[in-house]
């Protein structure tokens, strides 16, 4: 994402406009934000997590998606492209161009987007009724933060580090840190 290209739209105008663009854009607060390309570690970590989740949900009603699938936050009139997310929704299974009911959203941080991922994006994601977990992965150090919605609707942080397994309760999975960072260990 870059702050240099901010364009104001309605949600419907954004969808029409974005379909004509060569690059992806996220949309929040009436503004379209151009998405920046990702580096090797970012792409590798996203791929590792997607592959593990895809294998885990195979044969269930759940589906995992990576980078190019739009996620709509209806209450915020916003659209995002999470690095990885999982939905188990029958409604989402019928949607072709976007999904709206994820149980799990994962973002791999970058220096240019970390504040956005922790702030505006997380504030919007919290408005998704089905969302149970929001995960932030730091490619520069071995650190995974899982924000999990508890029974009272509060978000609780569960941090994970080296030699641990990340518990993803939303999909009933224990994901080893070694799998997350395979071929992309921080230096």
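In our numbering, the protein residues as written are 258 to 444. Using N, Cα and C, we set each Cβ at its ideal position, and we do this for glycine too.
CB of residue i within 8 Å of CB of residue j, strictly
| i | j | result |
| --- | --- | --- |
| residue 425 | residue 394 | no |
| residue 434 | residue 417 | yes |
| residue 359 | residue 387 | yes |
| residue 403 | residue 392 | yes |
Best match in the options for proximity to residue i [C-alpha to C-alpha]
| i | options | result |
| --- | --- | --- |
| residue 340 | 276, 308, 334, 314 | 308 |
| residue 317 | 350, 357, 279 | 350 |
| residue 312 | 432, 423, 401 | 432 |
DSSP state of residue i mapped onto helix, strand, coil
| i | result |
| --- | --- |
| residue 436 | helix |
| residue 412 | strand |
| residue 399 | coil |
Burial state of residue i (16 or more Cβ within 10 Å)
| i | result |
| --- | --- |
| residue 390 | buried |
| residue 492 | The structure shown does not extend to residue 492, since the chain is modelled only from 258 to 444, so the question has no answer here. |
| residue 261 | For residue 261, the predicted model reports a pLDDT of 39, less than 50, meaning its position is unreliable and no value from the coordinates is stated. |
| residue 273 | exposed |
| residue 344 | buried |
The beta strand (DSSP E) enclosing residue i, as first and last residue numbers
| i | result |
| --- | --- |
| residue 395 | 390 to 395 |
| residue 291 | 288 to 291 |
The ligand MN heavy atom lying under 7 Å from the CB of residue i
| i | result |
| --- | --- |
| residue 268 | Judged by which ligands are present, the structure shown has none, so any question about the ligand MN falls away. |
Within-8 Å CB hit, residue i to chain B
| i | result |
| --- | --- |
| residue 443 | Absent here is chain B; the protein component of the structure consists of one chain. |
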